[in-house]
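If you read the protein sequences in the order shown, they are chains A and B.
Residue numbering for the first sequence is 101 to 265, as defined by our numbering.
Residue numbering for the second sequence is 32 to 415, as defined by our numbering.
C-beta: ideal position from N, C-alpha, C; glycine also.
Contents: one structure, followed by commentary.
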Amino acid sequence: MSLKPAITDLEQLKDHPAVACLGASLPRAIEAAKYEHDEMSLAIERSSIREVCALLRDYPSCPFSFLSDLTCVDWYPSEPRFEVIYHLLSIRQKERVRLKVRLGDDAPSLDSVTPVWPAANFFEREVYDLFGIRFLAHPYLRRIQMPETWEGHPLRKDYPVEGYR
Amino acid sequence: MILNMGPQHPSTHGVLRVILEIDGETVLRVMPDIGYLHTGIEKTCEAKFYQQVVPLTDRIDYLCPLTNNLCYCLAVEKLLGLEIPPKAQWMRVLLNELTRINSHLVWLGTHALDIGAMTVFLYCFREREDILRLFEAVSGQRMMTSYFRIGGLALEPPLDFLDRVRDFVRRFPAKVDEYENLLTANPIWLMRTKGVARISAEDAVALGASGPTLRGSGVDFDLRRDMPYSSYDKFQFEVPVAQEGDVFARYICRVRELRESNKIVEQALAGMPEGPIKADAAKVVLPEREKMKTQMEALIYHFKIITEGFSVPAGEVYQAVESPRGEMGYYVVSDGTAKPYRVHMRSACLANLQTLPAMCEGRLIADVVAAIGSIDIVLGEIDR
């Protein structure tokens, strides 16, 4: 299981179902692609994330019908600071893909994908609670883990591990 | 009327608060409210070395601690590019399936107890005692075992361990027959579970349900068979699937999984390979105790690993395993240092809990209890 180098050339990766789907319908949405550790990661342009998710969910030859995970990584102090990660799974074809969207700190908001997969509901609430990213058109965007009156977003890198006393 | 079910309630299996809007005995709306067990494990992982995160993973889904260990270790081993020896992989499968039996026994006991069948609880926990003694023999701990390490296992199993597992495996199928005798054809059980809390396959997939919650609705997907890891592809087993999508269907799936896990453990015992239990990577895996006491290089590696950790190449990995509750995933991001940059646990129960409103709206309050039991939630995993 030795480490193979990452493949970042979109031409070499165009056979992967996610790249094929987006390459045919919405090629401008893919900002970058990386294939490493047998996993496909696509950097998606921020404004087209909901459309990309709908296309992938409805792609006939490999429908990514299952939203495995929706989370976020805080790359403070690099800009753009937040990176929202979507892990999709196609149950029929047994394929996975990872979508990444970079957001800046000034007004971190993103289209919610709950219209595409209702599974995103709790995951997006958690990202809002712990990172402070607002998801537009989410049916019930409230804090989920922390108490309702909490101030601050604990999983950000500038929030201390022990919390504030 | 709006009523609180929980957070302190014997049937919510942990500190889960369910806000019920009811009209008489009928439930109009269900809203789960979580976060009562949130301890910030994901934040804590960013402050620990990679090997120090392993005991934290036990506590997330505390009914299947070895499965959490396995998922995290597989993710970091993928980032490092380590080759795990076959004996370590087979022991991991054996212990993982014993953990699945362990977790399903707790599920069956508590689910039956909620619905009113109290005898089943003590029967299941009698078998669970045997499994916990096996875990104690192999790792020193009954529940929070932390037995897997990045690179293999922590310790060699004791010499009589495999014989004790053989003894358990020989006795277990008769016990599953006992549980089924008490429940499967029981008219009260059937009335409480058949047709209750139904969810369709499309809804289950759209809501992110996995594991028996998904297989009970007819979707045939199991990560052990379809996207195998840790040499699961060398084992023969069936994946139970039911079609109706109600509480009884999920019950049947899990009870059959008890028998299938028993079969996998039998196969693991029959074909257990010989060899080392840790990978050949001196900078990552602790050296043997005797070598550490006599050789200088081993002592230096031991010192460095414990005090400074080992650096993992920058990158990210999402590793998913089939836990007793569904797809448990670990998303590990590394920035090249000895501490993980981000560890995110994809909790199977958090996604499964989203099916609760779809299952219970329009039904009776007692059906909410049956539905929560059939989803098999563990609050440690939901809240982290």
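Along the stretch 153-175 of chain A, going in chain order, the ones with a CB nearer than 7 Å to a CB of chain B are S165, F166, L167, S168, D169, T171 and V173. Using a Cβ distance threshold of 8 Å, K79 of chain B and E305 of chain B do not count as a contacting pair.
Within the stretch 281-353 of chain B, the alpha helix (DSSP H) runs of at least 4 residues that lie entirely inside it are, in chain order, 320-325 and 327-339.
Rounded to whole angstroms, the separation of the alpha carbons of T176 of chain B and S170 of chain B is 6 Å.
Under the 8 Å Cβ criterion, the stretch 165-176 of chain A counts as touching the stretch 227-239 of chain B, having at least three qualifying pairs. Per DSSP, N217 of chain B lies in no beta strand (DSSP E) and is assigned neither H nor E. Using a 10 angstroms sphere on the CB of T386 of chain B, the tally of other CB atoms reaches 16 or more, which defines it as buried. Membership of R377 of chain B in the beta strand (DSSP E) is indicated by the continuous run R373 to R377.
Y362 of chain B carries a strand assignment under DSSP once its states are collapsed to helix, strand and coil. By alpha-carbon distance to H375 of chain B, the top candidate from A:K194, A:D174 and A:P180 is A:D174. Along the stretch 343-368 of chain B, the positions whose C-beta sits under 8 Å from a C-beta of chain A are P344, G346, E347, V348, Y349, A351, E358, G360, Y362 and V364, read in chain order. Scanning chain A for C-beta atoms nearer than 7 Å to the C-beta of F252 of chain B yields I191, reported in chain order. For K114 of chain A, none of the residues of chain B pass the 7 Å Cβ criterion, the least Cβ distance being about 22 Å.
Fully contained in the stretch 95-181 of chain B are the following alpha helix (DSSP H) runs of length 4 or more, in chain order: 96-111, 117-146 and 149-170. The shortest CA-to-CA distance from A301 of chain B to any of B:F341, B:V124 and B:R157 is the one to B:V124. About 16 Å separates the Cβ atoms of H187 of chain A and T214 of chain A, ruling out a contact at the 8 Å cut-off. Look at S190 of chain A here: in three-state DSSP terms it is strand. At least 8 Å separates the CB of H238 of chain A from every CB of chain B. Taking C-alpha positions only, M36 of chain B is separated from E211 of chain B by approximately 30 Å.
Identification of residues in the stretch 135-146 of chain A having a C-beta nearer than 9 Å to some C-beta of chain B yields E136, H137, D138, E139 and S141, given in sequence order. For the stretch 209-220 of chain A, the set of positions with a beta-carbon nearer than 7 Å to some beta-carbon of chain B reads W217, P218 and A219 in chain order.
At least one CB of chain B lies nearer than 8 Å to the CB of F222 of chain A. With fewer than three CB-CB distances shorter than 8 Å, the stretch 113-132 of chain A does not count as touching the stretch 175-182 of chain A.
Judged by DSSP secondary structure, A369 of chain B falls outside any alpha helix (DSSP H); it is assigned neither H nor E. One thing to note: D407 of chain B has its Cβ no nearer than 8 Å to the Cβ of W220 of chain B.
Bridge pairing for P63 of chain B: B:V49 [DSSP]. The shortest CA-to-CA distance from R356 of chain B to any of B:V315, B:S405 and B:R373 is the one to B:S405. By the criterion of a C-beta distance shorter than 6 Å, D205 of chain A is surrounded in its chain by R181, once the five residues flanking it on both sides are discounted. Non-local C-beta neighbours of F268 of chain B in its own chain, meaning closer than 7 Å and more than five positions away in sequence, comprise E291, K294 and I295, ordered along the chain. Judged by DSSP secondary structure, T171 of chain A falls within the beta strand (DSSP E) whose first and last residues are F166 to D174.
Closer than 7 Å at the C-beta level to chain A, one finds these residues of the stretch 213-243 of chain B: V236, A237, L238 and G239.
Within the same chain, A129, I130, E131, V152, L199, K200 and V201 come within 8 Å of I144 of chain A by CB-CB distance, once the 5 residues on both sides are set aside. Listed along chain A, the residues sitting closer than 7 Å to G71 of chain B by beta-carbon distance are P254. About 38 Å separates the Cβ atoms of P127 of chain A and K74 of chain B, ruling out a contact at the 8 Å cut-off.
In this structure, the beta-carbon distance from E353 of chain B to R255 of chain B falls below 8 Å.
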